[in-house]
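Student:
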Amino acid sequence: MGDAMLIWGLALLGAAVLLVIIEVLVPSGGIISLVATGVAITGVVFLYRESTIWGLIGTLFVIVGGPTMFFFALNMLPSTPTGRAMLGEIDPEKRAENERRNREERETLASLVGAEGEALTDLHPVGNVLVEGQRHEATADTSYIRAGQRVVVTSVEMATLKVRPAQDG
Numbered sequence: 030m031g032d033a034m035l036i037w038g039l040a041l042l043g044a045a046v047l048l049v050i051i052e053v054l055v056p057s058g059g060i061i062s063l064v065a066t067g068v069a070i071t072g073v074v075f076l077y078r079e080s081t082i083w084g085l086i087g088t089l090f091v092i093v094g095g096p097t098m099f100f101f102a103l104n105m106l107p108s109t110p111t112g113r114a115m116l117g118e119i120d121p122e123k124r125a126e127n128e129r130r131n132r133e134e135r136e137t138l139a140s141l142v143g144a145e146g147e148a149l150t151d152l153h154p155v156g157n158v159l160v161e162g163q164r165h166e167a168t169a170d171t172s173y174i175r176a177g178q179r180v181v182v183t184s185v186e187m188a189t190l191k192v193r194p195a196q197d198g
């Protein structure tokens, strides 16, 4: 029974380490880390009640091991699914699907170069046009195009059509 404080102190320090690992796998906004800090401090108190030497060893462990585990946890976070989600990284399959969809949209818009349409809104210089039955955002090559005026798509920049007034005749 004389070593009970030592066993409890070491067990609490081990539990604190385990809680930090759990925080990396199941981020809680720091709540689990705060609990781990409290558990570690309680473990050090138990070690001091065993002996001053054990207390100093526990204190040194917390002072050196705490920041080391914190930085280890930060380095591990991006490699966990939850960490990737927190950092805004997109799943590789979703990224590939988004890239495919964006490529198809760019190809579709590029195929409209030379097509005629109608300005749905005034373009001075940005507005909306109707080309091949589809509404698109457009920028006028000239400074102003009136709503209802016929337009020709001259190019595509990003997801916006560049248009100029169509030549009648």
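In our numbering, the protein residues as written are 30 to 198. Ideal Cβ positions, reconstructed from N, Cα and C, are used throughout, including at glycine. For clarity, every value in this text was computed on a predicted model and none was experimentally measured.
Taking Cβ to Cβ, would you say residue 25 is nearer than 7 Å to residue 144?
Tutor: The shown model of the chain, from 30 to 198, leaves out residue 25, and the question about it has no answer.
Student: If you draw a straight line from the C-alpha of residue 115 to the C-alpha of residue 52, how long is it?
Tutor: Residue 115 sits at position 86 when you count from the first residue of the sequence shown. Residue 52 sits at position 23 when you count from the first residue of the sequence shown. Roughly 13 Å separates the two Cα atoms.
Student: Given that a residue counts as buried once 16 or more other Cβ atoms are within 10 Å of its Cβ, and exposed if not, what is residue 165?
Tutor: In the sequence shown, counting from the first residue as 1, residue 165 sits at position 136. Looking at its Cβ environment, which holds 16 or more other Cβ atoms inside 10 Å, residue 165 is buried.
Student: Quick one: measure Cβ to Cβ for residue 167 and residue 179, integer angstroms, because I've assumed they're closer than 8 Å.
Tutor: The sequence position of residue 167 within the sequence shown is 138, counting from 1. The sequence position of residue 179 within the sequence shown is 150, counting from 1. No, residue 167 and residue 179 are not in contact; Cβ-Cβ is about 13 Å, not under 8 Å.
Student: Can you tell me which of the three DSSP states residue 93 falls into?
Tutor: To locate residue 93, count along the sequence shown from 1; it is residue 64. In this structure, residue 93 counts as helix in the three-state DSSP scheme.
Student: Given that a residue counts as buried once 16 or more other Cβ atoms are within 10 Å of its Cβ, and exposed if not, what is residue 198?
Tutor: In the sequence shown, residue 198 corresponds to position 169, counting from 1. Low confidence applies to residue 198: its pLDDT is 46, below 50, so where it sits in the model is not reliable enough to give any reading.
Student: Does DSSP classify residue 119 as helix, strand or coil?
Tutor: Taking the sequence shown and counting its residues from 1, the one referred to as residue 119 is at position 90. Residue 119: coil per DSSP, three-state reduction.
Student: Based on DSSP bridge pairs, tell me the residues matched to residue 184.
Tutor: Within the sequence shown, residue 184 is the residue found at index 155, counting from 1. DSSP output for residue 184 lists 191 as bridge partner(s).
Student: Quick one: grab the DSSP three-state call for residue 71.
Tutor: The sequence position of residue 71 within the sequence shown is 42, counting from 1. Helix at residue 71.
Student: Quick check on residue 135: does DSSP put it in helix, strand or coil?
Tutor: Locating residue 135 in the sequence shown gives position 106, counting from the first residue. Of the three classes helix, strand and coil, the one that applies to residue 135 here is helix, per DSSP.
Student: Should residue 45 go down as buried or exposed, given a rule of 16 or more other Cβ atoms within 10 Å for buried?
Tutor: Start at 1 with the first residue of the sequence shown, and residue 45 comes out as number 16. Under this definition residue 45 is a buried residue.
Student: Which residues in the same chain as residue 79 place their Cβ atom closer than 7 Å to its Cβ, once the five residues preceding and following it in sequence are excluded?
Tutor: The residue labelled residue 79 in the question sits at position 50 within the sequence shown. Excluding residues within five positions, the ones whose Cβ falls inside 7 Å are 34, 35, 38.
Student: Buried or exposed, going by whether 16 or more other CB atoms sit within 10 Å of the CB of residue 100?
Tutor: Looking up residue 100 in the sequence shown gives position 71. So residue 100 ends up on the exposed side.
Student: Please tell me whether residue 41 and residue 71 are closer than 7 Å, where the distance is taken between their beta carbons.
Tutor: Position 12 of the sequence shown, counted from the start, is the residue given in the question as residue 41. Position 42 of the sequence shown, counted from the start, is the residue given in the question as residue 71. Closer than 7 Å, so yes.
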